[in-house]
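Student:
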Amino acid sequence: VLAVTVALAPSAALAKEFKYAGPPAFTVTYPGFYTQDSENPNKVLYRTKQEGTIPIMEINCRDFPVPGMTLATVAKEYAKLIEKSQQTTVTIASEKPFTTKDGTPAVEAVMSFLYQGFLTLQSSVVLTIKDGKMVYVVIHQNPGAPLWDAPKSLTFKK
Numbered sequence: 079v080l081a082v083t084v085a086l087a088p089s090a091a092l093a094k095e096f097k098y099a100g101p102p103a104f105t106v107t108y109p110g111f112y113t114q115d116s117e118n119p120n121k122v123l124y125r126t127k128q129e130g131t132i133p134i135m136e137i138n139c140r141d142f143p144v145p146g147m148t149l150a151t152v153a154k155e156y157a158k159l160i161e162k163s164q165q166t167t168v169t170i171a172s173e174k175p176f177t178t179k180d181g182t183p184a185v186e187a188v189m190s191f192l193y194q195g196f197l198t199l200q201s202s203v204v205l206t207i208k209d210g211k212m213v214y215v216v217i218h219q220n221p222g223a224p225l226w227d228a229p230k231s232l233t234f235k236k
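So for the sequence shown, the working numbering puts the first residue at 79; every next one is plus one.
1. Should E186 be labelled buried (16 or more other beta-carbon atoms within 10 Å of its own) or exposed?
2. DSSP beta-bridge partners for S163?
3. Could you tell me whether the segment 173–186 touches the segment 122–136, using the rule of 3 or more Cβ pairs below 8 Å?
4. Would you mind sorting V144 into buried or exposed? The rule is 16 or more other CB atoms within 10 Å of its CB.
5. When the Cα atoms are used, what is the spatial distance from L225 to T107?
6. Taking just the CA atoms, how far does Q219 sit from L192?
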């Protein structure tokens, strides 16, 4: 029985892929043990949880008509979205340039905020502006080492 359990365990971790037809068209690869969440309070394209709890991954592509929004300001604009949805203050701990696998300039940022007034969450997010839209992949998790695998897998179709 133990041999069967060990043999089956790796299959649970196989990667899944989220595909968005666009525009802009993109894919995100994420762990196979993340399952789609029936709740979607932030009205994103796709939201998962790991075994019914955190980390939570959100993938979104939204019109974002903020005059003058650039890669230099996109993380701050995303932080404002969290502040509005959670009625809290977001702290941006780090923010730096990032290039997606297909060569698209983006930003990777680590943020923290108080979720529902009592639980500190850390968010690892890759954001970019493409075809006039804000595209982001974020992992909300307990504070600790940022989880980058899914956000950094963001790849636009050429």
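Glycine included, each C-beta is placed from N, C-alpha and C at the ideal position.
A quick note: this is a predicted structure, and the numbers were derived from the prediction, not measured.
Tutor: In brief:
1. E186 comes out buried.
2. S163 pairs with nothing; no bridge assigned.
3. As far as the Cβ criterion goes, the segment 173–186 does not touch the segment 122–136, which means the pair count is below three.
4. Burial state of V144 is exposed, judged by a 10 Å Cβ sphere holding fewer than 16 other Cβ atoms.
5. Taken atom to atom, the span from the alpha-carbon of L225 to that of T107 is near 13 Å.
6. Roughly 12 Å separates the two Cα atoms.
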